[in-house]
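The structure appears right after this line, and notes come after that.
Number of protein chains: 2
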Amino acid sequence: MLHAVVMAGGSGTRFWPKSRRHSPKQLLRLFGDATMLQQTVARIAPLVPPERTLIITGADQAEAVREQLPDLPRENVVAEPCPRDTAPCVGLAAQIVARRDPDGTMIVMPADHVIQPAETFRATVRAALAEIDADPTTFITFGVKPTHPETGYGYIERGEALPPREGIALHRVAQFREKPDRATAEQFVASGRFAWNAGIFLWRARAILDALQTHRPKLAAALDRIAQTFGTPAEAETLAREFPAMEKVPIDKAVMEKAPNVRVLEVVYNWSDVGDWRALAPLLPHDDQGNAVQGKTVTTDTRNSVVISDDGGLIACLGVEDLVIVQSGGATLVARKDQMDKLKSLVEKLDSEYL
Amino acid sequence: MLHAVVMAGGSGTRFWPKSRRHSPKQLLRLFGDATMLQQTVARIAPLVPPERTLIITGADQAEAVREQLPDLPRENVVAEPCPRDTAPCVGLAAQIVARRDPDGTMIVMPADHVIQPAETFRATVRAALAEIDADPTTFITFGVKPTHPETGYGYIERGEALPPREGIALHRVAQFREKPDRATAEQFVASGRFAWNAGIFLWRARAILDALQTHRPKLAAALDRIAQTFGTPAEAETLAREFPAMEKVPIDKAVMEKAPNVRVLEVVYNWSDVGDWRALAPLLPHDDQGNAVQGKTVTTDTRNSVVISDDGGLIACLGVEDLVIVQSGGATLVARKDQMDKLKSLVEKLDSEYL
Chain A
1 MLHAVVMAGG SGTRFWPKSR RHSPKQLLRL FGDATMLQQT VARIAPLVPP ERTLIITGAD
61 QAEAVREQLP DLPRENVVAE PCPRDTAPCV GLAAQIVARR DPDGTMIVMP ADHVIQPAET
121 FRATVRAALA EIDADPTTFI TFGVKPTHPE TGYGYIERGE ALPPREGIAL HRVAQFREKP
181 DRATAEQFVA SGRFAWNAGI FLWRARAILD ALQTHRPKLA AALDRIAQTF GTPAEAETLA
241 REFPAMEKVP IDKAVMEKAP NVRVLEVVYN WSDVGDWRAL APLLPHDDQG NAVQGKTVTT
301 DTRNSVVISD DGGLIACLGV EDLVIVQSGG ATLVARKDQM DKLKSLVEKL DSEYL
Chain B
1 MLHAVVMAGG SGTRFWPKSR RHSPKQLLRL FGDATMLQQT VARIAPLVPP ERTLIITGAD
61 QAEAVREQLP DLPRENVVAE PCPRDTAPCV GLAAQIVARR DPDGTMIVMP ADHVIQPAET
121 FRATVRAALA EIDADPTTFI TFGVKPTHPE TGYGYIERGE ALPPREGIAL HRVAQFREKP
181 DRATAEQFVA SGRFAWNAGI FLWRARAILD ALQTHRPKLA AALDRIAQTF GTPAEAETLA
241 REFPAMEKVP IDKAVMEKAP NVRVLEVVYN WSDVGDWRAL APLLPHDDQG NAVQGKTVTT
301 DTRNSVVISD DGGLIACLGV EDLVIVQSGG ATLVARKDQM DKLKSLVEKL DSEYL
C-alpha cells in the first residue's frame, strides 16, 4: 500500500514578514484558501487516506500541523527533536511505515512546493507505483524539466532510457549533481540531459532502510534502536537521545547518489518551489495594472509589483514599480524585487518580536 | 495691542494617510512633540497672550483645536460655517479684534507653515509693529526670498525701498502676482525683485475693515451684520446665515492688490509651507543611510527615502530609493517621491473609511 510522507520541517525567512519562527512557509496560506501543507496533503489524498499519511515536522510546529490537518491521526504527525536534514527524517518515516506495513511503499514530498494540476501529479505517482511494483528494489525520483539555468537546485542527469510507464518517460540515473555554478547550470540545461531534482521520491520503505544499512550503517543502527522502542514507554526518550546524534545528511547524498537502481521520471505538471515573494506572484490575483495583489490594496501608476495586505490594513501604491510590498503580523516589508536575495540579512537586523 | 489670528481652516490630502478629513495637516504632529498649530501659537506666544490669540477654523475641527490649545479661552476658537477663502476669514477675525480692542493690531498667520528660528520670526514681527505704529494705515506682508522658481506660490514684486525697520529690509509693493507658470517664475527669481508671498500679514483691524468697506463693500456689509450680533443670542444664527453667502475670495485679491499703502518685509528666517511628505524630510531624524525616518523602521540598502511608521508597526525597507513610505491610521502609502503630485488622484479612489 502507498503511504505519504510529507517533510514539513522547514523554517526560513524568505516569506518574512508573513513567515516567522513559529509559522514557516509550509504552514502559511500564501495563495488560495489552504496552506501549502494542506494543499500538499490534499493533492495526494485521492491516493492515500489520512491514516497512511505521515507528517514529519519540528517539535515547535507539531501542534500547528495537527490543527491544520484535523483528519490525521494524532500519532501521524511526528516531531523531530531537531533538524538533521532529510536522511534521518526519511529513515524515521520508513521505520514507521515498515512497522505498520512491511511491504509498504512510501512517497516522500516536501510540504512547501506548488504542483499543478494535481491530477497530472497523481498520474505521475501511479506511473512510479507501477515501476516499483515491477521491481520493488528500485528508487524513483521525480525530475522537473528545467526552464532556466537555476543555480539553487540540484540536478539529475538521465542515463539509459527505459520503457515509459503509463506514458511517462523513465530513465536510469547517470548522476546526481548538487547546486551547480552558473556556467555549469547553463551547460546542464543546454545538454537536454538534466532534470531538476524536485525532492519527491517513491520507494518501498524496506528498500530504503536496506540501502541506509548498506551506505550509512551507523545511521541505520540508530534508526533501528529508535524503531525497537516504537509503542513502548521508552519511545520518546530514545528518539530524543538518538536523533540529534545522527549524521546530518540529505537522502540524495546518503543513498541516491550511491544506489545502483535509481530511476528518474520526467514530470509534466507545473512545478515551483515558490522560493520567495517574487515566485508567488503568478499564483495571486492581479489588478487592472498587472500587479499581483492580495488583501486591501489600491494602486495608481504602479507596475510589476507584488502587494499583499495580510493584517486588514490598506496598502496604497503610487508611481512605483518592481517592488514587493507585504504587510503581515504588524510588520511591513517594502523591497525591490531584484534585491530579495538580501531579505535574510535584513531579517537578521530585526528585534525578536518580529522573528 | 497685538492680537494673533491663526488661520487653521485647511483640509487637504497631501499628508495622507496621516491627514484625514477630521485631522488635517495643521492638527498633526508631523515632527517634534507639538502639532503644526501648537507650534504656530507657541511661536507668537512671547508677543501675544492666549486671551488675544484667535484661531479661525472649520466647524468640524473646532473641538480638536480647543483640545490642542487648552490655554485659549473657548470663544477664541472661532468656527467658520464653511470655507470661504481668506477674505471672509480675515474680515471676521478683524471684527472680533476691533470689538475687543478698537485700536488693536492683528497678525494673520497660516497654522501649517514651518518657521525657524522662532526668535528671528518675532524680530520680524516687532519690525512690522514698529512700521504700523509709525503709520497705522499701512498693510504689511511678509515676503520670503525665493530659492527656486516655485510655481505653487504667489509672488510679491518689491517697489520703492523704504528705510529698514530694526535692521529688516522694507519696500513698497509694486504688484502681487498669483501662481506663475514656470518660465515666469524663473524670470521672477532671476530678477531679484520678487519675494514669495508667505501668507503672513500685519495691520490694524480697523484699517483692514475700512479697506474691505472700500474694495468689497458687500462683504464688509455682511461682516457688519455679523458683528452687530456679537454677544447676543442671534450671533450663531447670523453667522450661519451670512457667512456662506459671502464672496469666496482671498484677502490678497480682495484688498492687498488694490490698497495703495502695502509694504513687504523681507524675512530672514527659514520658511517652508511643508507642502507634502517630501518637504517634511529635512525636519525628521535621519538613519545611518541618510533616510528620513520616524517610528519603528529598519532599512537595508535604502537611500533618499522618507519612512514613517505612525501606527506602532515595523516598516522594513530593502534595496529601495526615492520612496515615501508612510503608515498611519491603518493605511500604508508607498509612493515614488517624484509622483507625489498625484497623491490626490490616488486618495480619490479610496473608500470613505480612509478619508
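From first to last, the protein sequence lines stand for chains A and B.
With this note's numbering applied, the first sequence closes on residue 355, and no number is skipped along the way.
With this note's numbering applied, the second sequence closes on residue 355, and no number is skipped along the way.
Every residue, glycine too, gets a C-beta built ideally from N, C-alpha and C.
Can you name the residues that DSSP bridges to residue i?
i       : result
G58(B)  : E80(B)
L162(B) : L170(B)
N270(B) : Q116(B)
H286(A) : A292(A)
S309(A) : Q327(A)
A4(A)   : T53(A) and I107(A)
Q175(B) : E157(B)
T300(B) : L318(B)
T138(B) : Answer is none; T138(B) lacks a bridge partner.
A335(B) : L318(A) and V324(B)
G143(A) : N197(A) and E266(A)
R204(A) : T105(A)
S23(A)  : R20(A)
Write down the C-beta distance between residue i and residue j rounded to the nearest angstrom, noting that I regard them as a contact closer than 8 Å.
i       : j       : result
V324(B) : L314(B) : Incorrect: roughly 17 Å between the Cβ atoms, too far for contact.
V77(A)  : I55(A)  : 5 Å
L212(A) : A220(A) : 4 Å
P127(A) : R99(A)  : Looking at the sequence itself, residue 127(A) is Ala, so the reference to Pro does not match. Contact flag wrong, Cβ pair sits at about 28 Å.
V267(B) : V108(B) : V267(B) to V108(B), Cβ: 15 Å. No contact.
A87(A)  : R216(A) : 7 Å
Can you check whether the C-beta of residue i is within less than 9 Å of a C-beta belonging to chain A?
i       : result
T369(B) : Outside the displayed span of chain B (1 to 355) sits residue 369(B), for which this structure offers no information.
V173(B) : no
S345(B) : yes
C82(B)  : no
K356(B) : Within the shown structure, residues of chain B are numbered from 1 to 355, placing residue 356(B) beyond reach of any answer.
P70(B)  : no
G275(B) : no
V320(B) : yes
P17(B)  : yes
L323(B) : yes
With distances taken between CB atoms, is the gap from residue i to residue j smaller than 9 Å?
i       : j       : result
G329(A) : P24(A)  : no
L129(A) : R263(A) : no
V326(B) : W277(B) : yes
C317(A) : V298(A) : yes
E157(A) : F201(A) : no
G10(B)  : L283(B) : no
E178(B) : K248(B) : no
Q41(A)  : A4(A)   : As written in the sequence, residue 41(A) is Val, which differs from the Gln given in the question. Yes.
V306(A) : V293(A) : yes
L265(A) : F142(A) : yes
L239(B) : L92(B)  : yes
Y155(B) : W203(B) : no
Y269(A) : F176(A) : no
T137(B) : A207(B) : yes
L343(B) : T105(B) : no
I308(A) : G295(A) : yes
L30(B)  : L280(B) : yes
L223(B) : D112(B) : no
P250(A) : D85(A)  : yes
L271(B) : V173(B) : Before going further, note that residue 271(B) is Trp rather than Leu in the sequence given. Contact flag unset, no.
K337(A) : D322(A) : yes
P110(B) : G199(B) : yes
T151(B) : R182(B) : yes
I want to see whether chain B comes within less than 9 Å of residue i, judged by CB atoms only; does it?
i       : result
V373(A) : As shown, chain A starts at 1 and ends at 355. That puts residue 373(A) outside it, with no answer to give.
G159(A) : no
I226(A) : no
L280(A) : no
I208(A) : no
C317(A) : yes
According to a CB-to-CB cut-off of less than 7 Å, which residues of the stretch 328–343 of chain A neighbour chain B? G330, A331, T332, L333, V334, A335, R336, Q339, K342 and L343
Taking any Cβ of chain A, which residues in the stretch 283–314 of chain B have a Cβ under 7 Å from it, in chain order? V298, T300, D301, G313 and L314
Members of the stretch 130–157 of chain A that neighbour chain B once the beta carbon cut-off is set at 7 Å: none
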